[in-house]
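Asks: Oh and the sequence shown: position 21 is 21 in full-length UniProt numbering, straight run, nothing missing. For every residue, glycine included, the Cβ atom is placed at its ideal position computed from N, Cα and C. Predicted model only: the values in this text are computed from it and were never measured. First the structure, which I've put down as structure tokens, then a few questions once you've had a look.
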Amino acid sequence: MDKFFNSIRSIPLRRGPARMAGGVAGGLADKFGWDVTIVRIIMLVSFLLPVLGIGAYIVAWLLIPAQDDSIILQKWLRKF
């Protein structure tokens, strides 16, 4: 399982430090050089399609590493 999470860490994308919820919008904005407000608006609009928007956000929140390279899903799996 560590090999999987290490491969995720090799992707140059991190959840942003300027968080309103999980930091996903901030991380995407930093990665692509976009305004975080625009990314948040796009995400809010995508939530009108619950399976796509909310599901994608939850998966991103679980798998995108934080600034300190910690991955939430990996932390949860280590507890079991």
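Of all the beta strand (DSSP E) runs that stay within the bounds of the UniProt domain "Phage shock protein PspC N-terminal" (14-66), which reach a length of 3 or more residues?
Replies: none
Asks: Sorted by chain position, which residues of the same chain lie with C-beta nearer than 8 Å to Lys75's C-beta, five sequence neighbours on each side aside?
Replies: Along the sequence shown, read from residue 1 onward, the residue named residue 75 stands at position 75. Contacts found: none.
Asks: Terminal residues of the continuous alpha helix (DSSP H) containing Asp2?
Replies: Indexing the sequence shown from 1 puts residue 2 at position 2. That run of the alpha helix (DSSP H) goes Asp2 to Arg9.
Asks: Count the other CB atoms within 10 Å of the CB of Ala21; is the residue buried (16 or more) or exposed (fewer)?
Replies: Within the sequence shown, residue 21 is the residue found at index 21, counting from 1. Ala21 is exposed by the Cβ-count criterion.
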